[in-house]
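In mature numbering (1 follows the signal peptide of the UniProt record, and there is no 0), the protein residues as written are -22 to -1, 1 to 131.
Following this line, the structure appears as structure tokens:
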């Protein structure tokens, strides 16, 4: 067997071992999330519009703000609404980094807003998201949940 055939056989066998998500989904998912954050920053929509109805959102940690929300509706009503009710301005995101691999996208970002009492709300976030067919199906959110507790109190 000549060297070209050996290399071709190795490349073919390696490509057959790749996971199913190792495709163009990576670039598409990263672009979708980047656009959602850009829209959010511009006040023209945002990331929550991409949530599937049955999305599971986990706020990591052990503070009173931590927990698991098992639907988009529960997350929006029980987590997002109470936060926005405390704010005089929307949270404005500044993306630090987006890393994508197939259906998985991780966004490291900072958020700033002004609370109704005039204080500044600032936090850093790392959202680990899983997407399917252009919809976010699962998120684990890492943030300073105790900073969020301060805002809520």
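C-beta: ideal position from N, C-alpha, C; glycine also.
Nothing here was measured: the structure is a model prediction, and the numbers come from that model.
Item, Value
"Alpha-carbon spacing of residue 115 relative to residue 47, whole angstroms", "12 Å"
"Any 3 or more C-beta pairs closer than 8 Å across the stretch 36 to 51 and the stretch 62 to 81", "no"
"Touching by the beta-carbon criterion (3+ pairs, under 8 Å), the stretch 16 to 33 and the stretch 110 to 130", "yes"
"CB contact flag (residue 24, residue 14, <8 Å)", "yes"
"Where residue 91 falls, given that 16 or more other Cβ within 10 Å makes a residue buried", "buried"
"Beta-carbon proximity list for residue 42, same chain, < 7 Å, skipping 5 on both sides", "127"
"Alpha helix (DSSP H) segment containing residue 36, residue limits", "Note, residue 36: premise wrong, no alpha helix (DSSP H); beta strand (DSSP E) at 29 to 37."
"Cβ separation of residue 123 and residue 37, assumed to be a contact under 8 Å, to the nearest whole Å", "6 Å"
"Beta-carbon spacing of residue 85, residue 105 below 8 Å", "yes"
"Backbone CA spacing between residue 118 and residue 97 [nearest angstrom]", "27 Å"
"Contacts around residue 125, its chain only, beta-carbon distance under 6 Å, and the 5 residues preceding and following it disregarded", "101"
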